[in-house]
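Report on the following structure.
Residue numbers (my numbering): 13 to 508.
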């Protein structure tokens with residue numbers, strides 16, 4: 013079941029042996045450790061969408077079943093709610109001797125058959141090998157039919173559903189998500205592997221840069237690779253990074269109950285994906301706060317955190333005292349200061365680093381990366397190829413489409429989606445940047461919903477539209493067909 017990021021997780025999440033590798037938090041798709049590059053030897057930290065733990069993926073489905081009462085008998089006709097099935101006595105009227113029998117009865121109710129088919133969204137990148145995609149879809153079908161007892165199922169790629177949500181069958185889907193950016197061409201409802209490209213620039217990447225600026229260090233897999241200090245009025249950093257001493261403190265460590273937990277459990281928890289996700293939640297709140305400025309429409313906007321700062325992390329005591337006095341004098345100015353959950357105040361007005369924190373989304377388009385970013389491999393050119401800015405990523409995708417007419421049609425239907433695409437005026441800035449890289453004969457158009465819910469959950473909206481079409485009903489893979497032909501028939505039908 014999900015755990016709250018606001019407090020220490022339950023005791024049953026910790027292993028008895030105390031091994032950090034046995035902490036009861038298993039990421040479904042990939043590790044959320046900060047700047048984790050262990051699965052990307054080429055230096056591309058964009059998520060490929062492969063499921064690392066298929067059992068965790070099945071557990072997420074099963075929890076959703078219980079939360080939505082999918083297995084509840086008569087829920088559509090009798091208003092069924094968990095624990096109130098007609099024919100069962102309320103818990104208050106039961107004796108202690110019959111408690112176990114009641115739990116067994118509820119478990120039986122929740123294991124009832126499912127009346128409707130299931131549509132699963134496949135977020136696998138088109139850039140990975142076909143065999144890896146087919147293997148994952150076969151595992152997904154096995155879970156849907158054998159573990160979840162679905163009467164019928166269908167697996168649809170995320171770019172196709174996002175395009176259908178905007179009413180288009182041919183489009184260029186630009187998905188800026190947590191783990192990176194992807195560009196996928198879609199022609200007549202089919203995703204093209206040729207032209208599908210990805211980049212590591214996404215929400216997690218921006219959060220890691222923001223965290224590094226606040227702490228003054230850039231680390232990969234827990235190893236510090238570079239120091240950077242751009243705080244203060246001097247170009248080499250005459251101030252101290254706000255979180256240099258205590259680092260970023262997540263909310264669960266600020267909860268009163270955290271003081272009651274032994275240090276060994278807290279040390280184990282800090283090495284888990286739960287801690288990394290809690291840190292990212294704090295960074296996400298800061299990235300989406302009101303101090304974030306709209307993206308500039310000028311093509312010549314300077315890159316944040318570039319051209320200043322250095323490795324010097326020391327500061328004279330008199331300078332530090334002067335900075336504290338100035339900060340104390342500006343406490344009333346709420347617009348120039350951001351307060352982290354632990355009370356740390358981040359000055360956003362007096363230092364260049366603080367001003368650039370308000371321009372963090374500019375890094376999605378900047379061709380120059382901050383100097384403290386260290387490639388995980390020695391081949392820096394390959395790292396740069398896998399970290400292309402958005403406008404060059406779209407240009408690379410279109411250049412791989414050989415049909416000129418199709419290329420023009422795709423450029424006129426560029427769909428912007430994903431949680432990291434919700435920064436103010438990002439669609440306008442992308443249009444400006446595309447005018448610099450695309451030919452003048454192309455009439456490009458960026459399509460983005462003004463509703464943040466529609467933009468973030470475009471794949472789910474497209475799945476609802478697709479499953480409601482009458483012509484789509486013959487595309488479902490029934491359980492009988494699965495039992496007769498196995499996953500082979502599904503892989504042929506879902507080939508997209």
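A virtual CB, placed ideally from N, CA and C, is assigned to each residue, including glycine.
All values reported here derive from a predicted model rather than from experimental measurement.
For the options 148, 15, 79, 76, the alpha carbon positioned closest to that of residue 65 is the one of 148.
Only exposed fits residue 128, as fewer than 16 other CB atoms lie within 10 angstroms of its CB. By the criterion of a C-beta distance shorter than 8 Å, residue 415 is surrounded by no residue of its chain, once the five residues flanking it on both sides are discounted. By the CB criterion at 8 Å, residue 426 and residue 455 fall outside the cutoff. Contact between the stretch 353-366 and the stretch 194-209 is absent: fewer than 3 CB-CB pairs across the two stretches fall below 8 Å.
In this structure the stretch 224-233 does not lie against the stretch 427-442, because fewer than three pairs of beta carbons, one per stretch, are closer than 8 Å.
In this structure, the CA atom of residue 307 is about 7 Å from the CA atom of residue 436.
Annotated as distal: residue 447 and residue 133, with beta-carbon spacing of 8 Å or more. The three-state secondary structure of residue 359, taken from DSSP, is strand.
By the neighbour-count definition (other C-beta atoms within 10 Å, threshold 16), residue 463 is an exposed residue. The DSSP-derived three-state label of residue 349 is strand.
Note on the stretch 204-237: whole beta strand (DSSP E) runs with a minimum of 3 residues are 209-211, 229-232, in chain order. Counting C-beta pairs with one atom in each stretch, the stretch 487-496 and the stretch 159-166 have three or more that are closer than 8 Å, which means they touch. Residue pairing for residue 193: DSSP places it in a beta bridge opposite 188, 211.
Residue pairing by DSSP puts residue 167 in a beta bridge opposite 132. Setting aside the 5 residues that flank it on each side, residue 348 is surrounded in the same chain by 360, 361, each with a C-beta closer than 6 Å to its C-beta; the list follows chain order.
Straight across, the Cα-Cα distance linking residue 216 with residue 379 is about 18 Å. It is roughly 13 Å from the alpha-carbon of residue 495 to the alpha-carbon of residue 150. Within the same chain, 503 come within 6 Å of residue 146 by CB-CB distance, once the 5 residues on both sides are set aside.
Taking a 10 Å sphere around the C-beta of residue 80, we find fewer than 16 other C-beta atoms and assign the residue as exposed. According to DSSP, residue pairing for residue 202 in a beta bridge involves 199. In the structure shown, residue 307 adopts coil according to DSSP, grouped into three states. The continuous stretches of alpha helix (DSSP H) do not include residue 429, which lies in the beta strand (DSSP E) extending over residues 426-429. In the three-state reduction of the DSSP assignment, residue 252 falls in the coil class, being assigned neither a helical nor a strand state.
Going by DSSP, residue 475 is part of the alpha helix (DSSP H) stretching over 470-479. The beta-bridge partner set that DSSP reports for residue 489 consists of 165. With a beta-carbon spacing of about 6 Å, residue 269 and residue 19 fall inside the 8 Å limit used to define contacts. DSSP places residue 68 in the uninterrupted alpha helix (DSSP H) bounded by 66-80. In this structure, the alpha-carbon of residue 351 lies about 11 Å from that of residue 297.
Residue pairing by DSSP places residue 288 in no beta bridge whatsoever. Straight through space, the alpha carbons of residue 265 and residue 366 are spaced by roughly 25 Å. Bridge pairing for residue 183: 198 [DSSP]. According to DSSP, residue 459 shares a beta bridge with 427. Within 10 angstroms of the beta-carbon of residue 271 lie fewer than 16 other beta-carbons, which makes it exposed. The beta carbon of residue 259 is closer than 8 Å to those of 227 in its chain, skipping five residues each way along the sequence. The continuous alpha helix (DSSP H) containing residue 365 extends over residues 364-369.
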